[in-house]
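>
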Ligand SMILES: *[C@@H]1O[C@H](CO)[C@@H](O)[C@H](O)[C@H]1NC(C)=O
Ligand SMILES: *[C@@H]1O[C@H](CO)[C@@H](O)[C@H](O)[C@H]1NC(C)=O
Ligand SMILES: *[C@@H]1O[C@H](CO)[C@@H](O)[C@H](O)[C@H]1NC(C)=O
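Residue numbers (this note's numbering): 136 to 398.
If you want it as C-alpha cells, here you go:
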C-alpha cells in the first residue's frame, strides 16, 4: 500500500516538474552568427544575416526578443508591434524581413561596415524566464591594392624591396621572404585612415652581392585574428649580370670550339 501511494506521489511530482520545464521557460536553441564576414570590393555583398532560434512554452507571457551589439540594443521584437531596429544600425537593418511571421529572431544587415565587428547577443525574455547567448563576428575588408617591387638602388650595390598592402581591416601583418628566410631588418609603416582601414608598407635593402640573379622574392600578409592571407612573388633579375653571364658562356663555348678545332 505504502509503495503504491509513493509511486503516485513520485509520478505527480515528475509530471509537475516536466510541466514546469516545458511551459515555464524560454530558451535559445541556436544562435547563428558567422565567425567572419568578408566584404567584397566590386560587388554588392550578400546581406549579413543573423538568426536566433528559440523555443518557448505555450503558457509564456510577455515575450520580448532583443539583439544587442557590444551590449547596445540594435533590434527588438515584441508580439504587438513585431520587430524594429534602433541604435546605430537603425538604417542598416533591413525592415522588410520583419513582416515575415514566425522568424522574430532573424535580422539582415545591408552593406555592413568594418566597425560592425564585435559581440552580438540575442536575449529572450518572458515574465517567467530569460535566456541569452553571444557570439563574436569579425568583418574582413579585403585590400584595395597589394604590390611588391624589387629594384636596384642608385649605386647598383643594393637591391631595394618594397611591399605594400592598402585599405584592409583588421590590421595586416606583412612579411618579405627570400631564399626561404623572412627578412627582419625592415622598415615598417602602419597607418589607419580616418574611415578606419589599415595600410602597411615594408621596405628593406639587401646588398646586391647577397642576392643571386635570378632570385624569387615573396611578400605575404595576413589579417590579425583571421585566416585571410595573400601572397605576391616577383623574380629579382639583374640584367647586367645576366648579360655578363651570357658573354662568359659564349666565351667558354668559343674556347671549347677552338680547342676542338686545334686538336
Ligand atoms: C557585455 O556585458 C557583459 C556582461 O556585463 C560583459 O561580460 C561583456 O564583456 C560585455 N561585452 C562588451 C563587448 O562590452
Ligand atoms: C561605422 O563606420 C561608418 C562608415 O565609416 C560610419 O558612418 C558609422 O558612423 C560608424 N559607426 C560607428 C558606431 O562607429
Ligand atoms: C581558420 O581556419 C581553421 C580551419 O579551417 C578554422 O578551424 C578556424 O576556426 C579558422 N579561424 C578563424 C579565426 O577564422
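The beta carbon of each residue, even a glycine, is placed where N, CA and C say it ideally should be. Keep in mind that this is a model prediction, so the values were computed, not measured.
In three-state terms, what does DSSP make of residue 253?
strand
> In or out: residue 327 buried (at least 16 other Cβ within 10 Å) or exposed?
exposed
> Below 7 Å, is the gap between the Cβ of residue 253 and the nearest heavy atom of ligand 1?
yes
> Any contact between the stretch 248 to 261 and the stretch 185 to 198? By contact I mean 3 or more CB pairs, one from each, below 8 Å.
yes
> Which of helix, strand or coil does DSSP assign to residue 326?
strand
> Taking DSSP as the reference, what is the three-state secondary structure of residue 306?
It is coil, neither helix nor strand.
> Is the number of C-beta pairs between the stretch 282 to 298 and the stretch 356 to 372 that are closer than 8 Å three or more?
The stretch 282 to 298, when compared against the stretch 356 to 372, does touch it at the 8 Å Cβ threshold.
> Using a Cβ-Cβ cutoff of less than 8 Å, which residues in the same chain neighbour residue 164 once the five nearest sequence positions on both sides are dropped?
188, 189 and 190
> Determine whether the beta carbon atoms of residue 294 and residue 346 lie at a separation below 8 Å.
In this structure, residue 346 lies closer than 8 Å to residue 294 by Cβ.
> Look at residue 183 and residue 277 and say whether their C-beta atoms are less than 8 Å apart.
no
> Output the distance between the C-alpha atoms of residue 252 and residue 274, rounded to the nearest integer angstrom.
5 Å
> Would you kindly check if the distance between the Cβ of residue 270 and the Cβ of residue 168 is under 8 Å?
yes
> Taking only the alpha-carbon atoms, compute the straight-line gap between residue 305 and residue 362 and give it to the nearest angstrom.
11 Å
> Extract the residue ranges of the beta strand (DSSP E) inside the stretch 157 to 228, only unbroken runs of 3 or more that lie entirely within it.
161 to 167, 171 to 173, 183 to 191, 199 to 204, 207 to 213 and 217 to 220
> Where does residue 176 land, buried or exposed, given buried means 16+ other C-beta within 10 angstroms?
exposed
> Would you kindly work out how many angstroms separate the C-alpha atoms of residue 324 and residue 316, rounded to a whole number?
21 Å
> Between which two residues does the beta strand (DSSP E) holding residue 349 run?
Residue 349 -> no beta strand (DSSP E), and no H or E assigned at all.
> Report the option in 342, 356 and 303 whose CA atom is closest to the CA atom of residue 312.
356
> Given a cut-off of 8 Å, decide if residue 350 and residue 314 are closer than it, judged by their beta-carbon atoms.
yes
> Under a three-way DSSP split, which group does residue 267 fall into?
strand
> With a CB to CB cut of under 7 Å and the five nearest residues on each side skipped, what residues in its chain are close to residue 331?
249, 250 and 304
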